[in-house]
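Asks: Would you mind keeping the following structure in view while I ask a few things?
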Amino acid sequence: EAQVTQNPRYLITVTGKKLTVTCSQNMNHEYMSWYRQDPGLGLRQIYYSMNVEVTDKGDVPEGYKVSRKEKRNFPLILESPSPNQTSLYFCASSRSAETGGPYEQYFGPGTRLTVT
Amino acid sequence: QQPVQSPQAVILREGEDAVINCSSSKALYSVHWYRQKHGEAPVFLMILLKGGEQKGHEKISASFNEKKQQSSLYLTASQLSYSGTYFCGTDDNYGQNFVFGPGTRLSVLP
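Here the protein sequences come in this chain order: A and B. Residue numbering for the first sequence follows the numbering used here, starting at 2 and increasing by one per position. Residue numbering for the second sequence follows the numbering used here, starting at 150 and increasing by one per position.
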């Protein structure tokens with residue numbers, strides 16, 4: 002079954018404690034992306050990757066890191082989480098359009114993060 | 150820059166039609182439409198590409214006016230299952246600036 006998996010689904014942590022949210026896809030997609038969703042603000046892109054070892058900042062990259070060492074995995078790292086990073090996070094993957102950007106994106110189930 | 154969506158919210162009765170609009174201030178390569186139900190992940194509905202190619206849902210249609218950088222999503226004979234928040238997403242810089250709009254909340258009542 003084609004899918005995007007994220008772990009963990011729920012996480013409560015404390016300020017400053019490093020954490021990683023994993024994302025994996027089994028569709029051999031080139032394009033992967035992380036979004037955060039907050040009430041009234043829609044889906045905002047954090048980072049994206051057009052292929053292995055190619056990553057770039059989205060609209061709200063501050064406080065986050067990513068890596069793309071393998072095509073299927075795109076982990077999101079919060080090295081020193083703060084309460085303003087409390088949010089719902091989605092990972093998505095897509096084959097690439099001619100431009101290198103996303104085609105139809107498949108979203109993971111989401112990770113609800115609370116930072117106290 | 151985030152595209153603008155209108156209306157912000159709409160309430161329909163089953164069987165009625167709705168139109169959701171999306172506009173950008175920048176020249177667009179593609180417009181994407183997604184639907185998100187409460188507590189779930191967004192689901193792809195349709196993509197419209199510069200030049201006229203489109204791919205999407207059987208019962209939902211859309212248009213893309215490249216000159217005006219506008220797209221409209223048409224929901225005809227709405228069903229209860231159409232309820233949710235609809236997001237447009239725009240790609241205006243060859244994949245390097247994909248951004249979602251703020252969403253339109255659609256409620257379909259029996």
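Ideal Cβ positions, reconstructed from N, Cα and C, are used throughout, including at glycine.
In whole angstroms, what is the alpha-carbon distance linking residue 26 of chain A and residue 4 of chain A?
Replies: Using only the alpha carbons, I get a separation of about 6 Å.
Asks: So, is residue 180 of chain B buried or exposed, given that buried needs 16 or more other C-beta atoms within 10 angstroms?
Replies: Buried, because 16 or more other Cβ atoms sit within 10 Å of the Cβ of residue 180 of chain B.
Asks: Residues in the segment 96-116 of chain A with C-beta within 9 Å of chain B's C-beta atoms, listed in sequence order?
Replies: From the segment 96-116 of chain A, only 97, 98, 99, 100, 101, 102, 103, 104, 105, 106, 107, 108, 109, 110 and 111 have a Cβ closer than 9 Å to chain B.
Asks: With 9 Å as the threshold, decide whether the Cβ of residue 249 of chain B is near any Cβ in chain A.
Replies: Yes, residue 249 of chain B counts as interfacial toward chain A.
Asks: Any beta-carbon of chain A closer than 9 Å to the one on residue 197 of chain B?
Replies: False, the Cβ-Cβ gap to chain A never drops below 9 Å.
Asks: Please compile the residues from chain A whose C-beta is within a distance smaller than 8 Å of the C-beta of residue 190 of chain B.
Replies: Within chain A, the residues near residue 190 of chain B are 91, 108, 109, 110 and 111.
Asks: Count the other C-beta atoms from every protein chain shown that fall within 10 angstroms of the C-beta of residue 253 of chain B, then say buried if there are 16 or more, exposed otherwise.
Replies: Its Cβ being crowded by 16 or more others within 10 Å, residue 253 of chain B is buried.
Asks: Please report the residue range of the beta strand (DSSP E) in which residue 49 of chain A lies.
Replies: Run containing residue 49 of chain A: 43-52, per the beta strand (DSSP E) assignment.
Asks: So with Cβ pairs under 9 Å, would you call residue 233 of chain B a contact of chain A?
Replies: Judged by the 9 Å Cβ criterion, residue 233 of chain B is not in contact with chain A.
Asks: Which residues share a DSSP beta bridge with residue 22 of chain A?
Replies: The partner list for residue 22 of chain A (beta bridge, DSSP) reads A/77.
Asks: Can you list the residues of chain B that residue 77 of chain A reaches, using a CB-CB cut of under 9 Å?
Replies: Those do not exist, as residue 77 of chain A stays about 15 Å from chain B at its closest Cβ, beyond 9 Å.
Asks: Just checking my contact of residue 80 of chain A with residue 58 of chain A at CB under 8 Å: how many whole Å lie between their CB atoms?
Replies: Between residue 58 of chain A and residue 80 of chain A the Cβ distance is about 16 Å, and since that is not below 8 Å, they are no contact.
Asks: Figure out for me which residue from A/76, A/103, A/82 and A/96 has the closest Cα to the Cα of residue 7 of chain A.
Replies: Among A/76, A/103, A/82 and A/96, the Cα nearest to that of residue 7 of chain A belongs to A/76.
Asks: Just the C-alpha distance for residue 230 of chain B and residue 113 of chain A, rounded to the nearest angstrom, thanks.
Replies: Approximately 25 Å between the Cα atoms of the pair.
Asks: From residue 214 of chain B to residue 116 of chain A, what does the alpha carbon distance come to, in whole angstroms?
Replies: Between residue 214 of chain B and residue 116 of chain A, the C-alpha separation is close to 43 Å.
Asks: Note down the Cα distance separating residue 150 of chain B from residue 60 of chain A, rounded to an integer number of angstroms.
Replies: Roughly 9 Å separates the two Cα atoms.
Asks: DSSP state of residue 84 of chain A, grouped into three classes?
Replies: It is helical.
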